[in-house]
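One structure is given below, encoded as structure tokens.
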Amino acid sequence: MSKNWTTVIEPKVPLFKVPIKEIIKYRELVWTLVKRNYEVQYKQTILGPLWLIFSLIINSGIFSFVFGYVGQFSSDGTPYFLFYMTGSVVWDFFISCFGSNTGVLLENSYLFGKVYFPRLIMPIANILFNAIRVGIKFLVTLCAWLFFYLAGDAQMIDLKILWVLPIALVMSLMGTAMGLIVSCITIKYRDFSHMVGLLTTVMMYVSPVVYSTSQLPKYVQGLVYINPISSYVEAFRLCMLGSGEINMLALIYSTIFTLALTIVAVVMFNQTEKDFIDII
Amino acid sequence: MTNNDVVLKIENVGKDYILGTVTGETLKDALRQRRKNKKGADDELQVHNKVFTALDDVSLEIRRGECVGLIGSNGAGKSTLLKLISRITSPSRGRIYIDGKVSSMLEVGTGFHPELTGRENIYLNGSILGMRRQEIDAKLDSIIEFSECQEFIDTPVKRYSSGMYVKLAFSVAAHLDSDIMIMDEVLAVGDIKFQHKCLDKMREIAKTEGRTILYVSHNMETVHNLCDRCIVLQHGKLAFDGSVEEAVKKYNGVDVKTETTSDYAGYMRPGWLQRDDVRLTWAEYPDKDNNVFTDDKMRILIKYKNIKEVQKAGIRVEFMSDTDHPFATQVFDNVVNGMPGDEGEFEVVVDLSKIQPGTYQTFYTVYVLNPYDDGVDLDCVRGLDVTIEREHIQGELKWRANSWGSIKL
Chain U
109 MSKNWTTVIE PKVPLFKVPI KEIIKYRELV WTLVKRNYEV QYKQTILGPL
159 WLIFSLIINS GIFSFVFGYV GQFSSDGTPY FLFYMTGSVV WDFFISCFGS
209 NTGVLLENSY LFGKVYFPRL IMPIANILFN AIRVGIKFLV TLCAWLFFYL
259 AGDAQMIDLK ILWVLPIALV MSLMGTAMGL IVSCITIKYR DFSHMVGLLT
309 TVMMYVSPVV YSTSQLPKYV QGLVYINPIS SYVEAFRLCM LGSGEINMLA
359 LIYSTIFTLA LTIVAVVMFN QTEKDFIDII
Chain Y
34 MTNNDVVLKI ENVGKDYILG TVTGETLKDA LRQRRKNKKG ADDELQVHNK
84 VFTALDDVSL EIRRGECVGL IGSNGAGKST LLKLISRITS PSRGRIYIDG
134 KVSSMLEVGT GFHPELTGRE NIYLNGSILG MRRQEIDAKL DSIIEFSECQ
184 EFIDTPVKRY SSGMYVKLAF SVAAHLDSDI MIMDEVLAVG DIKFQHKCLD
234 KMREIAKTEG RTILYVSHNM ETVHNLCDRC IVLQHGKLAF DGSVEEAVKK
284 YNGVDVKTET TSDYAGYMRP GWLQRDDVRL TWAEYPDKDN NVFTDDKMRI
334 LIKYKNIKEV QKAGIRVEFM SDTDHPFATQ VFDNVVNGMP GDEGEFEVVV
384 DLSKIQPGTY QTFYTVYVLN PYDDGVDLDC VRGLDVTIER EHIQGELKWR
434 ANSWGSIKL
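Each protein sequence line maps, in turn, to chains U and Y. Numbering of the first sequence is given in this note's numbering, commencing with residue 109 and proceeding in unit increments. Numbering of the second sequence is given in this note's numbering, commencing with residue 34 and proceeding in unit increments.
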């Protein structure tokens, strides 16, 4: 009985397991799904991905007007427009990873109920798709920076900017992990699908996206850093614009938090995906 | 047959479903149920969370290159078994071992996106079903040709007619290439012409060397045609595993009857029968202790009772193949006569010489002629089964009833 079976299906699945080999085997599917998302989003549009750029510029403009011009928030000396643009880019990556994965099981149940492929493919495709969108936005931000730099309002970018990549990676991981957890719970309790919108707004305002932590009183700063997203947003801005400050302790805390959250998310996802089709 | 030939092994697999709402749809329900649990009032809960066993202790082995039919009535657990094998849901008990790549054609059009064009959807659907990009590239032309949608291939599928949609979807699924294929007959879609094309394609896939096929169907003829082995599921249990012919019989609820008599006293007549002029009461094969005939003459003794006056009524002995289509009928004129209340009996001799060996159902129908020489049926009952056996004569062509029919002219 020493046969090498390709697949053994058992009632129980291991708690923590990322089927890396299988995912690599299905890498073309990841790419196809990313392409599908892109094509579906911009079918029958004239401007296509240009909409990304418009929404970013208009958003940053509104933020600059409301919080900067009217509200007189501090931006650590950088131009408002640039300050809010960097803030929304990094925030957008996090929240779109979160948002696109909160319904990953429910929305794709029509697929999951018919064919097998490693279910983690879906969140991975979502991350990649969002990464491409944010990549475009990031380039736009760089252009904006160039504009302000030439006008003499912004500092020169130095090597710190390379840190942007790991920060983005960890943020996307955190967003995805949170999204997956919500997605798993929503299978049984639809309450959570109503909470997502609310959660998105709340999380945005408790993170230093439209303000910088340095302008807050010391004791409130501590509270803001409880939110694991805060230190990443701040660090991202520091790497990009050289403004603001970095809180190492908070950064370490956020990273540990993210790793723990990811493990929890994968465990939950594995346990849920094996037979959630029976419950839906 | 070494162990190495087994490509799919199912070991004591069972699957339970929970009936009713699972722990309630909302958080509130869940909390309420929890409170109830604490109070110990779980009788009510039990009604809600009853377990339904869809599959129970199913074990089987399928070897490389076999084409296995899977039949069973609705709710017998066929789909559940397929879902388990194709890893859509996990079993509650037992293990499934698979060697090789499984593709299932469980439903066509999986993952089609309405906004994308036909061509884009071929790529999307293909990769979801596990095809490589180069593979799709290579098969693209043949997929498009098969789908008969050449003109519309660059139009978003949301503008397709439903027929075109399923045709395209089936074409992608039909070009899958893997070691173990799971096929569902309902996949044969579209108009009659295209359905035949689908079935032919399935047949072609099935006959390809080294392919293992698991074929689900309600159509016994295609199972006969495609499969060399057949599994019957009944109420989640494996009821039969063996030759296709016996499996089909089992499925039809015909446990090979060897009765030589039949009493029609309490027999329910079919609903379409409008007349009740005469009622058959008894049929038997006289002087026989089984229903196996080795010679060409089948004698049947039939008794009847008149309810109204009947003159010159005849009887038809109809032979049915497994699929409920009569394929041969012998007619006997003028055997039933009499006044109301009369009882009588007669004997007919059916000529079996042209019917090939096999087991057949029969029907006996009493009829009279109307003025236009059409038959009007007065009674109809399920007749005694008949098994024809003849010794094979050396040098003579062995008859393949599946392909050539049951009658040799």
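Glycine is no exception: its CB is placed at the ideal position from the N, C-alpha and C atoms. These numbers come from a predicted model, not from an experiment.
According to DSSP, is residue i helix, strand or coil?
i	result
D76(Y)	Since pLDDT at D76(Y) reaches only 46, below the 50 mark, its modelled position is unreliable, and the value read off the structure follows with that caveat. D76(Y) falls in the helix class under three-state DSSP.
Y134(U)	coil
M331(Y)	strand
S137(Y)	strand
L365(Y)	Leu is not the amino acid found at residue 365(Y); the sequence shown has Phe there. F365(Y): strand per DSSP, three-state reduction.
R97(Y)	coil
I387(U)	coil
Q390(U)	Because residue 390(U) is not part of the residues shown, which for chain U are 109 to 388, the question remains open.
I337(U)	helix
T35(Y)	For T35(Y), the predicted structure reports a pLDDT of 48, less than 50, and the residue's modelled location is therefore unreliable. The matter cannot be settled from this model.
I348(Y)	strand
S322(U)	helix
P231(U)	helix
Y393(Y)	strand
Q307(Y)	coil
S295(Y)	strand
C413(Y)	strand
K48(Y)	strand
A358(U)	helix
M311(U)	helix
R262(Y)	strand
T86(Y)	strand
A368(U)	helix
Q152(U)	coil
N370(Y)	strand
A239(U)	helix
Taking its Cβ as the centre, do 16 or more other Cβ atoms sit within 10 Å of residue i, making it buried, or is it exposed?
i	result
T366(U)	buried
C251(U)	exposed
I348(Y)	buried
Y134(U)	buried
D412(Y)	buried
A298(Y)	exposed
V278(U)	buried
L160(U)	buried
I371(U)	exposed
N107(Y)	exposed
Is it the case that the Cβ atoms of residue i and residue j are separated by a distance below 8 Å?
i	j	result
S196(U)	S168(U)	yes
D200(U)	S322(U)	no
Y50(Y)	A87(Y)	yes
L417(Y)	T395(Y)	yes
L341(U)	S362(U)	The sequence as given places Val at residue 341(U); Leu does not occur at that position. No, they are not a contact pair.
Q363(Y)	I440(Y)	no
P157(U)	P226(U)	no
S339(U)	A368(U)	no
A262(U)	W271(U)	no
L162(Y)	S180(Y)	no
K134(Y)	E94(Y)	no
I235(U)	S280(U)	yes
F326(Y)	V399(Y)	no
W315(Y)	I340(Y)	no
R120(Y)	D38(Y)	no
V265(Y)	Y248(Y)	no
Hey, residue i and residue j are a contact pair by Cβ (cut 8 Å); roughly how many whole angstroms apart?
i	j	result
R128(Y)	I385(U)	Between I385(U) and R128(Y) the Cβ distance is about 19 Å, and since that is not below 8 Å, they are no contact.
I176(Y)	S204(Y)	5 Å
V343(Y)	Y397(Y)	The Cβ separation is near 15 Å, so there is no contact.
L149(Y)	V148(U)	7 Å
N378(U)	V121(U)	6 Å
S195(Y)	P119(U)	Contact flag wrong, Cβ pair sits at about 39 Å.
G243(Y)	G98(Y)	5 Å
L306(Y)	Y337(Y)	At roughly 15 Å, the Cβ-Cβ gap does not stay under 8 Å, so L306(Y) and Y337(Y) are not in contact.
V91(Y)	I213(Y)	Not quite, the Cβ-Cβ distance comes to about 17 Å (not below 8 Å), so this is no contact.
S276(Y)	G102(Y)	Not confirmed; about 10 Å, so no contact.
L164(U)	V248(U)	6 Å
T284(U)	N209(U)	5 Å
S160(Y)	L137(U)	5 Å
Exercise. Can you check the segment 163–243 of chain Y for any alpha helix (DSSP H) of at least 4 residues that lies completely inside it and give the ranges in chain order?
Key: 166–180, 195–207 and 225–240
Self-check item: Complete alpha helix (DSSP H) runs within the segment 261–305 of chain U (minimum length 4 residues, chain order)
Solution: 272–296
Quiz item: Mind pulling the beta strand (DSSP E) runs of 3 or more residues that sit fully within the segment 103–157 of chain Y?
Solution: 126–131 and 135–138
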